[in-house]
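Just so we're aligned, residue 1 is where the sequence shown starts under this note's numbering, counting upward by one. Below is one structure; the comments refer to it alone.
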Amino acid sequence: FHQIMELHHKKHHNTYVALNAAEQAYAKASTPKERIALQAALRFNGGGRINLTGHINHSLFWKNLAPAASEKKGNGGVLKDGPLKNAIVESFGTFDNFKKEFNTTTAGIQGSGWGWLGLNPTTKRLEITTTSNQDPLLTHVP
Numbered sequence: 001f002h003q004i005m006e007l008h009h010k011k012h013h014n015t016y017v018a019l020n021a022a023e024q025a026y027a028k029a030s031t032p033k034e035r036i037a038l039q040a041a042l043r044f045n046g047g048g049r050i051n052l053t054g055h056i057n058h059s060l061f062w063k064n065l066a067p068a069a070s071e072k073k074g075n076g077g078v079l080k081d082g083p084l085k086n087a088i089v090e091s092f093g094t095f096d097n098f099k100k101e102f103n104t105t106t107a108g109i110q111g112s113g114w115g116w117l118g119l120n121p122t123t124k125r126l127e128i129t130t131t132s133n134q135d136p137l138l139t140h141v142p
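In structure tokens form, the structure reads like this:
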């Protein structure tokens, strides 16, 4: 688990951050020579919508992580009483049912997409959905 988190932080998310820095430097470059010097960094780090949404997706991911309660380092994995717990129980029956369904739904996208818990705006119920690659969640409210 630790290796996966390190990979996502050091490789994937940092790539998107490096792209932002390269794009800012490119925008400030005043000569063709400066712009040419930055082209390799822009090409290496990609560009366009995928990198923007990749940055957003990873930022949401880090924001929602918490140290594990089982290791007495935080409250991660513990669903406290409140609106989120109520909505999960209403939509999935129990927190354990939610976890099983989330794991089953997301097992097929490891390494090539995102699993989301979102509010369906039509039914007003929580649903588990997936998106490919770095595509953002557009059909539900995260």
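Glycine included, every Cβ here is placed at the ideal spot set by N, Cα and C.
- request: Helix, strand or coil for S132, going by three-state DSSP, please let me know.
  value: strand
message: If I measure Cβ to Cβ from R35 and keep anything under 8 Å in the same chain, skipping five residues before and after, which residues do I get?
response: Scanning its chain for C-beta atoms nearer than 8 Å, with the 5 sequence neighbours on each side dropped, one finds around R35 the residues Y26 and A29, in chain order.
N64 versus N57: straight-line alpha-carbon distance, rounded: 11 Å
message: Quick check: what's the CA-CA separation for G124 versus S70?
response: The residue asked about is misnamed: residue 124 is Lys in this sequence, not Gly. C-alpha separation (whole angstroms): 32 Å.
field: Collapsed DSSP secondary structure at F102 in the structure displayed
entry: helix
- prompt: Just the Cα atoms here: how many angstroms apart are E127 and L119?
  reply: Those two C-alpha atoms are separated by around 6 Å.
- request: Would you mind reading off the limits of the alpha helix (DSSP H) that contains L137?
  value: Premise fails: L137 is in no alpha helix (DSSP H) and is neither H nor E.
query: Can you check whether the CB of W116 is closer than 8 Å to the CB of T131?
result: Taking C-beta atoms as the reference points, T131 and W116 count as a pair closer than 8 Å.
task: Report the rounded CA-to-CA distance for K72 versus P32, giving the unit in angstroms.
output: 55 Å
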